[in-house]
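Below: the structure, in structure tokens.
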Amino acid sequence: MRGAIAAGHPLTAEAGARVLKSGGNAVDACIAAACAAFVTEGPLTGPAGGGFLLVHVGGRATLLDCFFAVPTEPLGEIEHLTVDFGSTTQSYHVGDGSIAVPGLLAGLSEAHARFGQMPWQELVEPAIELARAGVDVSEAQRFLHEILVAVLQRDEGGRRIYADAGHLDTSDLAATLERVRDDPAAAVRELLPELQGDLDSYLPIDRAPLRATSEDREVLTTPRPSRGGAIVAAALADFSGSTSLDDRARALRAAYGADSLGGITGTTHVSVIDAAGNAAGLSSTLGAGSGVHRGGTQLNNMLGEFDIIGRGELVPGERLASMMTPTLVLEEGRPRLMLGSAGSVRLSGAIAQVVDAVLR
């Protein structure tokens with residue numbers, strides 16, 4: 000099937016494009032790309048990640064919430080690391096106590112069961128091939144790995160992956176992905192056996208997308224518990240008729256309200272549109288990463304992402320807050336633009352500005 004895909008790494012996009020060429024639809028390609036990103040973008044996403052998947056199939060849209068949940072009991076203590084970025088420093092909250100209940104693979108499995116066309120095993124295979132070979136590191140990735148060395152090489156598992164600055168050793172991840180291919184739910188339980196009860200009770204939530212308009216086109220984005228969609232909708236409404244940068248800056252400030260700028264965290268995004276008019280957009284994350292590596296992959300640190308989830312009491316089983324905002328623009332009922340972004344609380348403003356710029 001013909002189509003278009005955009006992703007955070009060329010090999011991630013190639014995995015999705017390969018599935019489109021093999022006859023898969025947008026959802027199939029998105030799943031394949033997501034699994035490939037576990038290999039190519041390991042600091043940002045992985046089998047122990049969470050996300051939001053916006054799907055438009057057969058003229059109907061749904062938002063699959065596969066974001067993190069609060070565990071029944073924390074796995075340990077949260078460790079505080081300070082990372083020096085030269086002109087500033089940032090505190091990272093890592094370790095076993097920062098790990099939340101992941102839902103990403105549960106969400107991808109649900110999407111495949113409802114919307115996919117190709118066999119699940121064929122969608123994971125490109126990622127396995129990548130993991131067996133390892134991945135050469137780009138200059139941008141090398142910079143990221145250097146500034147986050149205290150997190151990425153906090154334990155022996157991380158040092159094994161990132162020891163060679165020019166090439167990622169993802170051989171351990173290949174075995175994990177083989178397990179994902181055969182039984183994704185079991186693969187996650189094996190990564191986090193301490194959370195088996197929470198994982199067994201975890202279910203993706205089918206949510207109605209938040210709807211807005213921009214330049215007479217319909218915009219579909221994320222509802223609560225993501226705060227990002229409401230910011231996108233408010234900014235687009237205030238952008239209408241504005242022409243100056245000052246007006247846009249004031250519109251963004253008003254849209255954000257009390258949401259202040261947070262620190263550097265990790266998110267990646269995949270957007271796919273196919274020739275049949277189907278679309279899929281997945282934003283996924285490990286937070287800033289826990290520095291805990293198992294099975295060749297880093298586990299999440301969402302319980303330590305205080306800039307986003309706050310410092311209030313957490314209720315076991317509840318979804319954590321997020322800013323991730325996969326967004327779809329429809330023109331006469333067909334996908335015109337699918338997009339998403341990294342950037343923690345900054346990403347919503349970026350998405351709103353891109354939508355506005357493309358549609359004007």
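Okay, so the sequence shown: first residue is 0 according to numbering that gives the first Met the number 0, each after it adds one. Just so you know, even glycine gets a beta-carbon here, dropped at the ideal spot from N, CA and C.
Item	Value
Given 8 Å, three or more beta-carbon pairs between the region 97-112 and the region 187-194	yes
Whole-Å CB distance - His8 paired with Thr39, under 8 Å assumed	4 Å
Runs of alpha helix (DSSP H) lying entirely within the region 19-91, each at least 4 residues, in chain order	25-39
Among Gly156, Arg153, Leu122, Ala162, nearest to Arg141 - alpha-carbon criterion	Ala162
Run of the alpha helix (DSSP H) containing Arg249, from where it starts to where it stops	244-255
Member of Glu214, Arg252, Arg210, Asp215 whose CA lies at the smallest distance from the CA of Ala232	Arg210
Spatially closest choice to His92 from Val353, Ile308, Gly316, Ala351, by CA coordinates	Ile308
Close-in-space but distant-in-sequence residues of the same chain around Ala139 (CB under 7 Å, 5 per side omitted)	none
Per DSSP, the bridge partner or partners of Gly106	In DSSP, Gly106 forms no bridge with anything.
From Gly165, Val26, Ala184, residue whose alpha carbon lies closest to that of Phe114	Val26
Candidates Met322, Arg159, Leu219: closest to Asp168 by CA position	Arg159
Any alpha helix (DSSP H) of 4 or more consecutive residues that is wholly inside the region 182-251	183-190, 195-200, 227-238
Val218, buried or exposed, once every other Cβ within 10 Å from all chains shown has been counted against 16	buried
Beta carbon of Arg226 nearer than 8 Å to that of Ala320	yes
Burial state of His166 (16 or more Cβ within 10 Å)	exposed
Gly96 and Pro73 closer than 8 Å at C-beta	yes
Simplified DSSP assignment, three categories, for Leu172	helix
Buried versus exposed call for Asp199 [16 or more other C-beta atoms within 10 Å across all chains shown]	exposed
Other residues of its chain near Glu128: CB distance less than 6 Å, five sequence neighbours each side excluded	none
Among Cys65, His268, Leu251, Ile146, nearest to Ser86 - alpha-carbon criterion	Ile146
Host beta strand (DSSP E) of Ile4 (start-end)	2-5
Residues near Asp273 in its chain [Cβ-Cβ closer than 6 Å; skip 5 each side]	Met0, Gly2, Asn24, Ala25
Residue closest to Ala275, alpha-carbon to alpha-carbon, out of Ile230, Gly22, Ala173	Gly22
Backbone secondary structure at Leu329 - three-state DSSP	strand
Contact check, Leu285 vs Leu19, beta carbons under 8 Å	no
Contact check, Gly58 vs Gly280, beta carbons under 8 Å	no
Ala14 versus Val353 - alpha carbon distance	26 Å
Cβ pair Val344, Met322 closer than 8 Å	yes
Spatial distance of Glu124 from Ala174 (CA atoms)	12 Å
Rounded distance between the beta-carbons of Thr11 and Ala28, thought under 8 Å	Incorrect: roughly 11 Å between the Cβ atoms, too far for contact.
In DSSP terms, what Thr267 is bridged to	Ser283
Val148 versus Ala47: straight-line alpha-carbon distance, rounded	20 Å
Member of Leu313, Ala234, Glu330 whose CA lies at the smallest distance from the CA of Thr71	Leu313
Bounding residues of the alpha helix (DSSP H) (the contiguous stretch that carries Leu298)	Careful: Leu298 lies outside any alpha helix (DSSP H) and carries neither H nor E.
Cβ-based neighbour list, Ile204, same chain, cut-off 6 Å, excluding 5 preceding and 5 following	Asp64
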